[in-house]
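**Student:**
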Amino acid sequence: MPADLRRAQPAELTLGQRARLRLATLAGEAAAVASRAANKGSGASIKGQVLTRLCPDAFAWLLRGRRVLAVSGTNGKTTTTHLLAAAVAEALGDQADRLVTNADGANLRYGIASALSQDRRADIAVLETDERVVSDMIAQARPEVLVFLNFSRDQLDRHHEIKALGKAWRAALERAGQAGPVVVGNASDPLVVWSAQTAARVVWVDTPGKWNADSALCPACGAVLERVAADTRAAQGCAEAGGSAGVGRTRDEAAAGAVPVGEAGTGESGGGEAASETGLGPSTSWRCPECPLAQPEAEYRVRGGEIVLPDGRAVVPGLRVPGSFNVSNAALALAAAAALGIDPDAALRGMRRVEAPAGRFATARFGATTARLMLAKNPAGWAEAIALLESDPVVLAIDSVAADGKDVSWLWDVDYEQLAGRRVVCTGPRAQDLAVRLGYADVSHTVAPDLAEALAGVAGPATVDVIATYTPFQKLLKMAGLR
Amino acid sequence: MKICLVYQSLLGIYGDRGNAMVLRQRLARRGLPAELVAVEPGDAVPPDGGVYLLGGGEDAAQVSAVKYLRQDGNLARAVADGAVLFAVCAGYQIVGRSFTVGDDDRVVEGLGLLDVETRRGDERAVGEILSTWQAGPIAGSPAGPTAITGFENHGGHTFLGDGASPLARVEIGVGNNGDGTEGAVQGRVIGTYPHGPVLARNPALADHLLELALGEALEPLPDPEVDELRRQRVAAIRAARR
Chain P
1313 MPADLRRAQP AELTLGQRAR LRLATLAGEA AAVASRAANK GSGASIKGQV
1363 LTRLCPDAFA WLLRGRRVLA VSGTNGKTTT THLLAAAVAE ALGDQADRLV
1413 TNADGANLRY GIASALSQDR RADIAVLETD ERVVSDMIAQ ARPEVLVFLN
1463 FSRDQLDRHH EIKALGKAWR AALERAGQAG PVVVGNASDP LVVWSAQTAA
1513 RVVWVDTPGK WNADSALCPA CGAVLERVAA DTRAAQGCAE AGGSAGVGRT
1563 RDEAAAGAVP VGEAGTGESG GGEAASETGL GPSTSWRCPE CPLAQPEAEY
1613 RVRGGEIVLP DGRAVVPGLR VPGSFNVSNA ALALAAAAAL GIDPDAALRG
1663 MRRVEAPAGR FATARFGATT ARLMLAKNPA GWAEAIALLE SDPVVLAIDS
1713 VAADGKDVSW LWDVDYEQLA GRRVVCTGPR AQDLAVRLGY ADVSHTVAPD
1763 LAEALAGVAG PATVDVIATY TPFQKLLKMA GLR
Chain C
56 MKICLVYQSL LGIYGDRGNA MVLRQRLARR GLPAELVAVE PGDAVPPDGG
106 VYLLGGGEDA AQVSAVKYLR QDGNLARAVA DGAVLFAVCA GYQIVGRSFT
156 VGDDDRVVEG LGLLDVETRR GDERAVGEIL STWQAGPIAG SPAGPTAITG
206 FENHGGHTFL GDGASPLARV EIGVGNNGDG TEGAVQGRVI GTYPHGPVLA
256 RNPALADHLL ELALGEALEP LPDPEVDELR RQRVAAIRAA RR
């Protein structure tokens, strides 16, 4: 076992604290039962509200004294948390019970407190953390490692401004100063880089992505960022994007590849598109023409489905979770594990055991239908999920309650034109919005708002791929008995 | 007809590029030639567009968009020559005389194509919006009140000057500033708050823009799927108010 996995001592709660926590938990559970009986939903939210009201310090109490590794960002939090937890568990070996994690994806204060209260003795906590909780996490948990995955448009009815979250993270890291965490950050995301500028130490990971429509402007000064071909290895995989000369043109192609209006509207495909399909991504490096902010030199790099380690050795991740974005998630998890002194081979051994984190990518039976379940919550997530679709027909489920984002305008930021030639079943409470979107995209489709009905309609021997927003995804897991 | 989608990378975070897709498709389905051109900062804005579209975005993006559009100059020239400009949310604010940005509410001069001013409101307007638009005769339909549905999400309150008139009356939601008006019209410049995108949810408004740009009436384009979506959304918005 590496020396860096030394044991820590979670703070003992006083009798008074324990009693208060227990009372608050019981009251929260009672409220949840009442809420369910009144058919108002799962009750998880009211449970959290009651617990936080009765015991506002639960989050801080339960974190005290533990060694914390936190994971946040718009997309990939749950999977990356599972990958990192698996890496740590592998390194702990027969002491794996020292690890606690919120594996269910409950990542607000209450969800984190709830996970920690299940296991009071575990001294190492790997915690998925909602973007809005990161500042408190930095201040109250003093995490050793903080993984910043990415930022993109998501639930704008609630967040309003993508940059506001980054501002809060930046301020929290500044306050933490030298005692702050080692940030493991995605160097390809300008807002992540800007947010982490105030951190005591950062390990950068260069990850190609399919979505950069939310990083047009420099977060520091507001100038339009330039994108330039990053390196020749990447250029071999994306001749079109790499072949164009001139910074301005490259930037335009990057934007067109992420939001291929040209393809949707005029048949002029964006230059980045062909490269995206290979999973390599149009590997570009960004920089601000008007201030010093630029993509930092990375210690870890994802290239062609492999992870290049700081010593130059390339490792094949061999994950069970699919998709190039999960290779990026694994690279960030690998760097986070390394910050604890965990060797990459051990980390990868652990990560290869992760199969369906909190139901993502799970294959499940629904009567005579076998379905593979994928979650996508925003345009960046959909761009990655659509690339993984293998079946015909496919089922797409849309809802618009608070957890999904109440405004479904984002449907028009997703490149559903790629689905032309396939049959799509639109389901969920906002199936009709999707139907209109697909109509304008010339994608053939049917509408079945009820999830069970939609799945029954695609029964057959072949596995059907399903992509769902948050709420229908949770409903599907429940229907399949997966949670 | 050339449809120009202007600065998606700056003003495009709420799916408003869909407005361009809808306009293009509604021309194509009628067998009319349509070209969609997306321009980014640094590219010249085409001088010969029929309809120009601006969408929603964040404060810093608004400031940059004004800077580039003023440097380029083609949008203002095209509007002066009679082109249609349809601007949504942040785009609506920047085509006005002035708007505010940042935590300190700095006043920024807009493009001045629409006689409106925007200042930060007390409370952010976030939610479904339903308004009534007094449409002229469109695509073979007689003139009359038409529902406009969408989702508004804006911190600014917009006040109309004498040169502009409201686009619609609010039934449910906030609209310009809570005074019951929504959007603004001045000649062939139209500003409005709802996303959806608004032209996907409200095809009559899309056809109105096309007829303005073409200078001729269009054939009706029946679309039961959109009719059903409109029925669902209007019912949902009214039910939520009760």
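These protein sequence lines map, in sequence, to chains P and C. Going letter by letter, the first sequence gives residues 1313 to 1795 in the numbering used here. Going letter by letter, the second sequence gives residues 56 to 297 in the numbering used here. Virtual Cβ for every residue (Gly too), placed ideally from N, Cα, C.
Looking only at its chain, what residues have a beta carbon closer than 7 Å to the beta carbon of C:ALA198, apart from the 5 residues adjacent to it on each side?
**Tutor:** Within the same chain, C:ALA198 has close Cβ partners ALA190, GLY191, PRO192.
**Student:** What are the complete alpha helix (DSSP H) segments, minimum 4 residues, inside the stretch 215-292 of chain C?
**Tutor:** Within the stretch 215-292 of chain C, the complete alpha helix (DSSP H) runs of at least 4 residues are 253-256, 258-269.
**Student:** Just the chain P side, please: which residues come within less than 9 Å of C:PRO221 by C-beta, in chain order?
**Tutor:** Correct list: empty, because the minimum Cβ distance to chain P is about 23 Å.
**Student:** Sort out for me which residues DSSP pairs C:ARG175 with in a bridge.
**Tutor:** Paired residues: C:GLY211.
**Student:** Cβ of P:TYR1777 within 9 Å of Cβ of P:SER1703?
**Tutor:** The amino acid at residue 1777 of chain P is misidentified as Tyr; the sequence shows Asp. Contact flag set, yes.
**Student:** Can you find a C-beta in chain P that's less than 9 Å from the C-beta of C:SER196?
**Tutor:** It does not; no Cβ of chain P falls within 9 Å.
**Student:** Skipping 5 residues on each side, what residues in its chain have a beta carbon closer than 7 Å to that of P:ALA1331?
**Tutor:** None.
**Student:** Using a C-beta to C-beta distance shorter than 9 Å, which residues of chain C count as neighbours of P:LEU1529?
**Tutor:** Within chain C, the residues near P:LEU1529 are SER64, LEU65, GLU113, ALA115, ALA116, SER119.
**Student:** What did DSSP end up calling P:SER1581 once you bin it into helix, strand or coil?
**Tutor:** Because the pLDDT of P:SER1581 is 35, which lies under 50, any placement of that residue in the model is unreliable, and the question is left without a value.
**Student:** On the DSSP letters alone, give me the boundaries of the alpha helix (DSSP H) that P:LEU1335 sits inside.
**Tutor:** Residues 1327-1349.
**Student:** Please report the residue range of the alpha helix (DSSP H) in which P:SER1507 lies.
**Tutor:** P:SER1507 -> alpha helix (DSSP H) spans 1502-1507.
**Student:** Nearest-angstrom Cα distance between C:ASN129 and C:CYS59?
**Tutor:** Answer to the nearest angstrom: the Cα atoms are 12 Å apart.
**Student:** Go ahead and pull the three-state DSSP assignment for C:LEU82.
**Tutor:** Note: C:LEU82 maps to helix in three-state DSSP.
**Student:** For a contact defined as C-beta to C-beta under 8 Å, what are the partners of C:GLN287 on chain P?
**Tutor:** The answer, in chain order, is GLN1744.
**Student:** Cα-Cα, which of P:ILE1710, P:LEU1529, P:ALA1651 is closest to P:LEU1621?
**Tutor:** The shortest C-alpha separation from P:LEU1621 is found at P:ALA1651.
**Student:** So P:GLY1624 contacts chain C; which residues on that side make the cut at Cβ distance below 9 Å?
**Tutor:** Result: empty, since nearest Cβ-Cβ is about 35 Å, beyond 9 Å.
**Student:** Within a Cβ cutoff of 6 Å, which residues of the same chain sit near C:PRO252, ignoring the five residues on either side of it in sequence?
**Tutor:** Taken in chain order, the residues that qualify are GLY70, ASP71, GLY73, ASN74.
**Student:** Just to confirm, are P:ALA1699 and P:ALA1780 a CB contact at a threshold of 9 Å?
**Tutor:** No, they are not a contact pair.
**Student:** Use the C-beta contact count for P:LEU1631: other C-beta atoms within 10 angstroms, 16 or more gives buried, fewer gives exposed.
**Tutor:** By the neighbour-count rule (16 or more Cβ atoms within 10 Å), P:LEU1631 is buried.
**Student:** According to DSSP, is P:PHE1463 part of a helix, a strand, or is it coil?
**Tutor:** Coil at P:PHE1463, not helix or strand.
**Student:** Is P:TYR1752 close to chain C, meaning its C-beta is less than 9 Å from at least one C-beta of that chain?
**Tutor:** By this cut-off, P:TYR1752 is an interface position.
**Student:** In its own chain, which residues sit with a C-beta less than 8 Å from the C-beta of C:ILE245, not counting the 5 before and 5 after it?
**Tutor:** Counting only Cβ-Cβ distances below 8 Å, and skipping sequence neighbours, we find VAL139, LEU140, PHE141, ALA142, LEU222, GLY238, ALA239, LEU264.
**Student:** Can you check DSSP and say which residues form a bridge with C:GLY199?
**Tutor:** In the DSSP output, where bridge partners are listed per residue, C:GLY199 has C:ALA190.
**Student:** So, at 7 Å on beta carbons, what are the nonlocal neighbours of P:PRO1761 in its own chain, with the 5 sequence-adjacent residues on each side left out?
**Tutor:** These residues qualify, in order along the chain: THR1739, GLY1740, PRO1741, ALA1743.
**Student:** Using a threshold of 9 Å, state whether the C-beta atoms of P:SER1384 and P:VAL1494 are closer than that.
**Tutor:** Contact: no.
**Student:** When you check each C-beta in the stretch 188-219 of chain C against every C-beta of chain P, which residues fall closer than 7 Å?
**Tutor:** Those would be PHE206, ASN208, in chain order.
**Student:** For P:VAL1517, I'd like the list of residues in its chain whose CB is within less than 8 Å of its CB, leaving aside the five on either flank, ordered along the chain.
**Tutor:** For P:VAL1517, where only same-chain residues beyond five positions count, the Cβ hits under 8 Å are VAL1496, GLY1497, ASN1498, ALA1499, ALA1610, GLU1611, TYR1612, ARG1613, VAL1614, SER1640, ALA1643, LEU1644, ALA1647.
**Student:** Whose C-beta lies closer than 7 Å to the C-beta of P:THR1392 among residues of the same chain, with five residues either side of it excluded?
**Tutor:** Excluding sequence neighbours, P:THR1392 sits near VAL1383, VAL1459, LEU1461, ASN1641, LEU1644, ALA1645.
**Student:** Check whether chain P comes within 9 Å of C:HIS250, counting only Cβ atoms and requiring the distance to be less than that.
**Tutor:** So, interface residue.
**Student:** Look up P:ASN1498 in the DSSP assignment and say whether it is helix, strand or coil.
**Tutor:** Note: P:ASN1498 maps to strand in three-state DSSP.
**Student:** Going by DSSP in three states, C:LEU60 sits in which element: helix, strand or coil?
**Tutor:** Three-state result, C:LEU60: strand.
**Student:** Among residues of its own chain, excluding the 5 on either side of C:VAL181, which ones have a beta-carbon nearer than 6 Å to its beta-carbon?
**Tutor:** Cβ within range, chain order: ASN208.
**Student:** Is the stretch 1432-1441 of chain P close to the stretch 1407-1416 of chain P, with three or more CB pairs under 8 Å?
**Tutor:** Judged by Cβ distances under 8 Å, the stretch 1432-1441 of chain P makes contact with the stretch 1407-1416 of chain P, as three or more pairs qualify.
**Student:** Please state the DSSP three-state secondary structure of P:PHE1637.
**Tutor:** Helix at P:PHE1637.
**Student:** Helix, strand or coil for P:ILE1654, going by three-state DSSP, please let me know.
**Tutor:** Reduced to three states, the DSSP call for P:ILE1654 is coil.
**Student:** My output table needs one value for P:GLU1294: the three-state DSSP class, helix, strand or coil.
**Tutor:** The requested residue 1294 of chain P does not occur in the structure, where chain P is confined to residues 1313 to 1795.
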